[in-house]
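Engineer: Sequential numbering from 1400 applies to the sequence shown in my numbering.
Structure in structure tokens, see below.
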Amino acid sequence: MPEIGLTPRLLARLEARFPGKVAVGHAGLNATERQADVLRLLQDEAPLFVGVRNAVLAPLKDIGLVIVDEEQEGSYKSEEHPRINARDLAVKRAQLEGCPVVLGSATPSLESWHAAQNGRYRLLRLMERPAGVTLPTVKVVDLRECYKEERKKVVFSPLLLKGMREALSLGQQCMLLLNRRGFENFWMCRACGKTFDCPHCALSLTYHKGAYRLRCHLCGYETAPPEVCIHCGAEHLRGVGEGTEQIEDQLRALFPEARILRLDRDTTTRRGSLEAGLLAAEEGAVDILVGTQMLAKGHTFPKLTLVGILNADMGLKIPDFRAAERTFQLLTQVAGRAGRAELSGRVLLQTYSPDHPAIVHAVAQNFEGFAAEELPYREALGYPPYAAMSLYRSEGDTPREALEPLRALRARLETVPGLRLLGPLESPIAKVKDRYRMQLIVKAASRGPLGEAMRAAPLEPGGAVTLDRDPLQFGV
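See below:
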């Protein structure tokens, strides 16, 4: 499984079918719990094992089947050493064990889809939802038109508010997705125009109203909001943007009788809090669910009939060639939460970019249409799955200190045929925890030249430069 929050319901289902035969392992368990189930595996007492990323290394014997659920999820890729991708490692382990591996997804990664189209993978289709449940109806709300009508920025469109009132009056549930936590995205001074940034990272601070803190979501730095601008001394301070905390605040004013639950990284830090919240929603003890992408996949809420996506094109604005793919996946996954039981569901998708292919195909729930439109761009620009990539990173106390090792590395890699070198240049977030960051992207038509690059310019363990093969994250 890609995330700890998805394991409890799966475990319950497996235990019902195979009582006493299921072991589990993930970081949400304490050491004693993890050790007990590892011993069961070593003693062949648990023929089924469920876990997250590191589960692919579990000490099972005579493996007959490996299943990777939600195979497209980026959380399978470790951003720390060793930078493994558990999905790819699962494929390799199944190969070594001589058993099948199943990669499951409603929105496969384009790499896996391309492999299936080329015959490297065998494509199996599920053409119906469980128990014959129909797909929800999806309607686009053009926020540009809402702005023209209201003459101001709109968070909840009139159509969404109407739909929520109707659902709540019938005793049904609503879910609102906004993939950004906190109350306001950043603070700025209207007098001088400067923002309040983290002193340790090249990132603006996010305002959290409940804690009355400006916080950095990278290094954890926090401070009390200032009374006057730290740059010019003016009192014209203003928060910009909305996060899930503000959405919850506004909903409590709009629907004072509703039982509202917010689920994001700020509200699920206590052990078991995410599982308890999901269980409450599943049992109908919650009227409105508000949260980030952790709500988007794998969960079934029988009474949920309306899903509202507040800013559907937020993920399209980041500098990443996978931005459209990730947006399509997220929108399709969250839309799939509506109407998963007897009640029919509908989705209202608010966007400023209703004509973007990722939005258009997500509305139609048409993965193959999206893939057919997106893949030619990837091929023309030389991005995966039509090319292989490596990302070399370097950090230093100064920009120059971070840059020099990559310049020396590039000089050595220029002798390797078949490589395209991009950089070195600043990482999209140029400083994290007082360390400046540079990166060098290496592309090739196949994986062979990247292996040759590793032999031509081997890296010292613990040295200044680190390597990420098949990178998924370019910013952090």
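Don't be surprised by glycine CBs; every beta carbon is placed ideally from N, CA and C.
Keep in mind the model is a prediction, meaning the values are calculated, not measured.
1. Out of Ala1566, Asn1710, Ser1845 and Leu1849, which one is the CA nearest neighbour of Arg1579?
2. If I measure Cβ to Cβ from Gly1822 and keep anything under 8 Å in the same chain, skipping five residues before and after, which residues do I get?
3. Flag this pair as yes or no: are the beta carbons of Val1689 and Leu1613 separated by less than 8 Å?
4. With contact counted as at least three CB pairs below 8 Å, one residue from each stretch, are the stretch 1749 to 1767 and the stretch 1719 to 1727 in contact?
5. Is the beta carbon of Thr1536 less than 8 Å from the beta carbon of Arg1745?
6. Tell me where the beta strand (DSSP E) around Lys1842 begins and ends.
7. Starting from His1513 and walking both ways along the alpha helix (DSSP H), at which residues does that stretch end?
8. Does the structure place the stretch 1619 to 1631 close enough to the stretch 1640 to 1652 that three or more beta carbon pairs sit under 8 Å?
9. Compare the Cα-Cα distances from Gln1645 to each of Arg1664, Leu1660, Lys1608 and Ser1672 and report the closest residue.
10. State the start and end residues of the unbroken alpha helix (DSSP H) segment that holds Arg1612.
11. Report the rounded CA-to-CA distance for Pro1835 versus Pro1499, giving the unit in angstroms.
12. Is the CB-CB distance between Ser1743 and Thr1704 below 8 Å?
13. Could you check how far apart the C-beta atoms of Phe1720 and Ile1687 are, in whole angstroms? I think they sit under 8 Å.
14. Less than 8 Å separating the beta-carbons of Ala1422 and Leu1440?
15. Which partner residues of Thr1536 appear in the DSSP bridge assignment?
16. Quick check: the Cα distance between Ala1955 and Gly1424, rounded to an integer number of angstroms?
17. Give the C-beta separation of Leu1602 and Ile1828 to the nearest angstrom, bearing in mind that I take them to be a contact with Cβ-Cβ under 8 Å.
18. Using only the alpha-carbon positions, how far apart do Ala1807 and Leu1858 sit?
19. Where Leu1447 and Val1501 are concerned, what is the direct C-alpha to C-alpha distance, given to the nearest angstrom?
20. So within the stretch 1430 to 1507, which uninterrupted beta strand (DSSP E) runs reach at least 3 residues, ignoring any that extend past its ends?
21. Run the CB neighbour count on Thr1667, radius 10 Å, all protein chains shown included, and call it buried at 16 or more, exposed below.
22. Suppose you measure from the CA of Cys1600 to the CA of Gly1473; what does that come to, to the nearest Å?
23. Specify the secondary structure class of Phe1585 as computed by DSSP and reduced to three states.
24. Tell me whether the beta-carbon of Leu1509 lies closer than 8 Å to the beta-carbon of Ala1770.
25. Less than 8 Å separating the beta-carbons of Val1449 and Leu1488?
26. What would DSSP say about Asp1719, mapped onto helix, strand or coil?
27. If I measure Cβ to Cβ from Gly1707 and keep anything under 6 Å in the same chain, skipping five residues before and after, which residues do I get?
28. Do you know whose CA, among Ala1856, Asp1596 and Phe1555, lies nearest Ala1652's CA?
29. Between the beta-carbon of Val1864 and the beta-carbon of Tyr1791, is there less than 8 Å?
30. Please report the straight-line C-alpha distance between Asp1796 and Ala1844, rounded to a whole angstrom.
31. Evaluate Asp1754 with the Cβ neighbour count: other Cβ atoms within 10 Å of its Cβ, from every protein chain shown; 16 or more gives buried, anything less gives exposed.
32. Between Leu1604 and Phe1582, how many whole angstroms is the CB-CB distance? I'm expecting something under 8 Å.
33. Please list, in chain order, all residues of the same chain as Asp1596 whose beta carbon is under 7 Å from its beta carbon, the five residues on each side excluded.
34. Which residue spans inside the stretch 1593 to 1658 form an unbroken alpha helix (DSSP H) run of at least 4?
35. Any heavy atom of the ligand NAP within a distance shorter than 7 Å of the CB on Glu1825?
Structural biologist: In terms of the structure at hand:
1. Asn1710
2. Scanning its chain for C-beta atoms nearer than 8 Å, with the 5 sequence neighbours on each side dropped, one finds around Gly1822 the residues Leu1805, Arg1809, Met1837, Gln1838, Leu1839 and Ile1840, in chain order.
3. Note that the C-beta distance between Val1689 and Leu1613 is not below 8 Å.
4. yes
5. yes
6. Start and end: Arg1834 to Ala1843.
7. Leu1509 to Gln1516
8. Between the stretch 1640 to 1652 and the stretch 1619 to 1631 there are fewer than three inter-stretch CB-CB distances shorter than 8 Å, so the stretches are not counted as touching.
9. That would be Lys1608, whose Cα lies nearest to the Cα of Gln1645.
10. From DSSP, Arg1612 is part of no alpha helix (DSSP H) but of the beta strand (DSSP E) over Arg1612 to Arg1614.
11. Contrary to the premise, residue 1835 reads as Tyr rather than Pro in this sequence. Each residue's alpha carbon lies about 44 Å from the other.
12. Yes, the Cβ-Cβ distance between Ser1743 and Thr1704 is below 8 Å.
13. Not a contact, Cβ separation roughly 35 Å.
14. yes
15. Note: Thr1536 is bridge-paired with Arg1745 in the DSSP secondary-structure output.
16. Here the chain has residues from 1400 to 1875 only, and residue 1955 is not among them.
17. 6 Å
18. Straight-line measurement puts the Cα of Leu1858 at about 12 Å from the Cα of Ala1807.
19. 15 Å
20. Those beta strand (DSSP E) runs which fall completely within the stretch 1430 to 1507 and span 3+ residues are 1447 to 1450, 1465 to 1468 and 1500 to 1503.
21. buried
22. 23 Å
23. strand
24. yes
25. no
26. coil
27. Within the same chain, Cβ atoms closer than 6 Å to the Cβ of Gly1707 are found at Leu1559, Leu1575 and Leu1747, the five residues on either side in sequence being excluded.
28. Phe1555
29. yes
30. 35 Å
31. exposed
32. At roughly 12 Å, the Cβ-Cβ gap does not stay under 8 Å, so Leu1604 and Phe1582 are not in contact.
33. Leu1602, Ser1603 and Leu1604
34. 1643 to 1653
35. Among the ligands in the structure shown, none appear at all, so the ligand NAP cannot be discussed.
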